[in-house]
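Our numbering puts the first residue of the sequence shown at 1, with every later residue one more than the last.
The structure under discussion appears below in the form of structure tokens.
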Amino acid sequence: MQQRNERLKRIKDHPEVSVLIIGAGINGIGTFRDLALQGVDVLLVDRKDYCSGASAASSHMVHGGIRYLENGEFRLVGEAVQERNRLIENAPHLVKPLPTTFPIFKWFSGLLNAPLKFLGLLDRPSERGAVVIKLGMVLYDYYTRKQKTVPKHVFRNTQESLELFPALNPEILFTGTYYDGAMPSPERIAIEVLQDGLAANPRAIALNYTSVVSAQGDTVTLKDELTGERYPIQPKVVVNAAGPWIDLVNQNMGKQTEFISGTKGSHLILDHPELRQAIGDHEFFFENMDGRIVLIFPLADKVMIGTSDIRIEDPDEAVITEAEVDYFFEMIGRVFPGIHVSRSQIVYTFSGVRPLQHTEAGRTGQISRDHVVETIEPGEGLNFPVLSLIGGKWTSFRAFSEIATDKILEHLGTGRKSTTENLPIGGSKGYPKTESEKELFFNKLLESYPVTRLRLEDLFNTHGTRTETLLDTFDAEASNMLETTPAISVGEIKFILEEEDVVHLDDLLLRRTMLGKLGKVTPDGLREIAQVCQDWLGWSDEETRQEVDRFTKLLRHEHKMNFNAFIGG
């Protein structure tokens with residue numbers, strides 16, 4: 001990949017660009033890739049790192065939204081189920097089928113939820129019973145009947161459920177298991193989609209840590225957040241994909257909008273072997289007594305718990321609260337009453353804001369998760385249109401990006417050349433489709449490079465077929481594991497630093513890898529990883545010290561992790 005400073009020089013030397021996309025979450029990145037594939041010269045910027053805002057705070061699920069059926073959002077569910085299947089097929093190294101189990105404590109509760117909501121007589125969630133959940137799962141299977149990417153749902157009685165999940169609350173009447181998709185590392189999907197866009201079109205440029213300062217006439221003024229330098233560009237179309245910050249970005253460009261009603265979703269990750277064993281490879285998608293949907297998710301060898309749904313005004317203030325932690329712990333106790341959880345088992349927390357369509361009233365769970373493009377036509381100080389991408393879900397980013405791209409192409413007076421429907425993402429290109437094909441691929445690499453089978457499996461699960469490029473570039477270093485952090489090698493870190501626009505330690509530890517999220521970074525490990533970065537990126541001793549300090553402060557303030565051992569360690 002061309003280095004960031006080279007791309008920055010290109011845009012300074014040639015500031016005219018057809019499309020400027022503001023916001024490098026998954027909707028912005030997806031639209032960037034689609035436009036690049038259509039041959040459009042496009043610039044993508046984000047004031048922070050790629051996929052570091054709302055898109056980094058997802059529940060790690062690729063799902064059709066079974067609960068949206070109750071709100072009558074049948075089009076959204078149908079689209080999301082199809083897009084879920086496409087992601088499983090287009091990114092098989094990063095998205096896997098996920099058995100999702102629903103513990104059920106009542107028979108008929110919730111039967112009138114949907115009609116009462118439709119009539120405006122119900123504005124609060126309530127617990128659903130077996131009949132409602134069964135109907136929902138039948139409908140869910142109907143939407144996916146043609147693609148057959150995942151199995152159909154299964155219903156179990158109390159005895160069958162307890163045989164499969166012995167730690168489950170014996171008061172359950174049934175469990176129902178349906179399939180969605182798991183994306184353990186959403187940020188890696190975003191990075192690989194971004195790389196595909198860059199590779200598809202030499203006129204496509206992406207810059208992280210670049211913000212929008214102002215806009216007037218034909219010009220948008222950008223700021224390099226690393227140096228403070230400001231420079232102008234002249235776009236024909238601006239796309240505001242800033243998620244929960246959409247209204248703030250429009251305000252910076254002189255436009256007052258009220259497009260977003262943000263709700264905060266928080267999660268925590270536990271190092272809890274007993275709970276991890278209790279759920280197996282199933283996600284438990286559970287309805288608490290207040291009707292809120294919460295989840296217990298298998299994330300590598302850890303367990304992720306989420307999610308809340310709380311209105312919030314300022315997306316920069318989204319952090320988990322003690323009340324949310326208490327709520328999650330209470331919920332776990334209802335599903336698995338014999339399993340004790342404590343704050344000492346938390347290895348990471350994160351919060352983000354869903355960029356939902358603006359609405360004044362109603363419960364947060366009732367706000368639509370659908371997507372829409374709002375267009376501000378040229379005029380009143382700006383000579384270009386601004387298209388704001390509002391709402392959306394991780395699952396349906398490709399479909400939303402396609403809608404946005406088609407609207408942008410209309411403004412540019414050109415047409416679509418290709419579709420992304422069946423386009424492999426990143427390391428899924430040339431992905432082996434059968435076990436025998438996988439064995440052939442593995443045997444070739446095992447014969448050619450000094451790598452063990454176990455290490456190859458780890459690399460393949462992260463980088464897919466790009467593993468071959470990694471091994472070809474760094475050879476023995478790809479298996480030279482860090483002394484303090486044996487989950488990663490020197491070669492893999494260097495490959496990521498070279499290819500994936502790492503600027504700060506948190507880019508590497510929280511978004512290019514899962515080391516930070518899974519609690520695998522010790523004080524000594526942080527120093528060793530920082531040293532690899534210093535050697536490869538040319539940091540000074542002072543810059544390296546600042547990066548270690550930045551990372552520890554980030555964990556403490558944004559992720560509420562008290563890692564005092566890092567400080568001055």
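C-beta: ideal position from N, C-alpha, C; glycine also.
No experiment lies behind these values; they were computed from the predicted model shown.
Determine the DSSP secondary structure at residue i, reduced to helix, strand or coil.
i                 : result
phenylalanine 495 : helix
valine 502        : coil
leucine 387       : strand
glycine 78        : helix
phenylalanine 457 : The question names phenylalanine, yet the displayed sequence has glutamate at residue 457. Three-state DSSP puts glutamate 457 in a helix.
phenylalanine 174 : strand
lysine 223        : strand
glutamine 159     : helix
phenylalanine 442 : helix
leucine 482       : coil
asparagine 90     : helix
tyrosine 327      : helix
methionine 304    : strand
phenylalanine 105 : coil
alanine 541       : Reading off the sequence, residue 541 comes out as aspartate, not alanine. The answer is helix: DSSP assigns aspartate 541 an H, G or I state.
proline 15        : coil
asparagine 201    : coil
arginine 230      : strand
isoleucine 488    : coil
valine 45         : strand
glutamate 547     : helix
leucine 168       : coil
What is the rounded straight-line gap between the Cα of residue i and the Cα of residue j?
i              : j              : result
threonine 467  : valine 193     : 16 Å
leucine 222    : glycine 25     : 18 Å
aspartate 581  : methionine 137 : Coverage of the chain is limited to positions 1 through 569, which leaves residue 581 absent and any answer about it impossible.
glycine 243    : threonine 452  : 42 Å
aspartate 472  : glycine 30     : 29 Å
lysine 539     : aspartate 281  : For the record, residue 539 in the displayed sequence is tryptophan; it is not lysine. About 41 Å.
lysine 152     : arginine 398   : 24 Å
lysine 560     : leucine 482    : 27 Å
leucine 121    : serine 185     : Low per-residue confidence applies at leucine 121: pLDDT is 40, beneath 50, and the placement is therefore not dependable, though the value from the model is reported in the following sentence. For leucine 121 and serine 185, the distance between alpha carbons rounds to 40 Å.
cysteine 51    : asparagine 169 : 38 Å
valine 294     : leucine 275    : 16 Å
asparagine 288 : glutamate 171  : 14 Å
Please confirm if residue i has its CB atom under 8 Å from at least one CB of chain D.
i          : result
lysine 302 : Of the protein chains in the structure, only one exists, and it is not chain D.
Take residue i and list the residues in its own chain whose beta-carbon comes closer than 7 Å to its own, dropping the five residues that flank it on each side.
i                 : result
phenylalanine 155 : Lys134, Phe174, Gly176
aspartate 247     : Thr257, Glu258, Phe259, Ile260
alanine 318       : Lys264, Ile312, Ser351, Gly352, Val353
lysine 517        : Ile269, Tyr348, Leu510
alanine 278       : Phe165, Ala167, Phe336, Ile339
alanine 487       : Leu515, Lys520
lysine 429        : Thr465
Identify, in the order they occur along the chain, each residue of the same chain with its Cβ nearer than 6 Å to the Cβ of residue i, setting aside the five sequence neighbours on each side.
i            : result
arginine 424 : The residue you asked about is not arginine; residue 424 is proline in the sequence shown. Contacts found: Asn90.
glutamine 82 : none
valine 150   : Pro97, Tyr179
For residue i, collect the residues of the same chain with a Cβ closer than 8 Å to its Cβ; drop the 5 residues on either side in sequence, then sort them by chain order.
i           : result
leucine 505 : Leu526, Ile529, Ala530, Cys533, Glu547, Val548, Arg550, Phe551
glycine 217 : Gly381, Leu382, Asn383
Around the C-beta of residue i, are 16 or more other C-beta atoms found within 10 angstroms, so that it is buried, or is it exposed?
i              : result
valine 213     : exposed
proline 273    : exposed
alanine 36     : buried
serine 18      : buried
aspartate 507  : buried
glutamate 513  : The sequence as given places threonine at residue 513; glutamate does not occur at that position. The residue is buried, with at least 16 neighbouring Cβ atoms inside 10 Å.
serine 479     : buried
threonine 144  : buried
aspartate 501  : buried
aspartate 609  : Residue 609 is absent from the structure shown; the chain starts at 1 and stops at 569.
histidine 14   : exposed
glutamate 543  : exposed
asparagine 85  : buried
glutamine 3    : exposed
asparagine 157 : exposed
serine 436     : exposed
alanine 215    : buried
serine 401     : buried
Could you round the C-beta distance between residue i and residue j to whole angstroms and report it? I think they count as a contact, below 8 Å.
i                 : j                : result
isoleucine 21     : phenylalanine 32 : 6 Å
histidine 63      : glycine 181      : 7 Å
glycine 333       : glutamine 357    : The Cβ separation is near 35 Å, so there is no contact.
leucine 387       : lysine 417       : Wrong, their Cβ atoms sit about 20 Å apart, outside the cutoff.
isoleucine 205    : arginine 10      : 6 Å
phenylalanine 328 : isoleucine 310   : At roughly 13 Å, the Cβ-Cβ gap does not stay under 8 Å, so phenylalanine 328 and isoleucine 310 are not in contact.
glutamate 284     : proline 103      : According to the sequence displayed, residue 284 carries phenylalanine and not glutamate. Yes, phenylalanine 284 and proline 103 are in contact; Cβ-Cβ is about 7 Å, under 8 Å.
methionine 183    : isoleucine 191   : Actually they are not in contact, since the Cβ atoms of methionine 183 and isoleucine 191 sit about 13 Å apart, beyond 8 Å.
proline 385       : threonine 395    : Actually they do not touch by this definition, with Cβ atoms about 28 Å apart.
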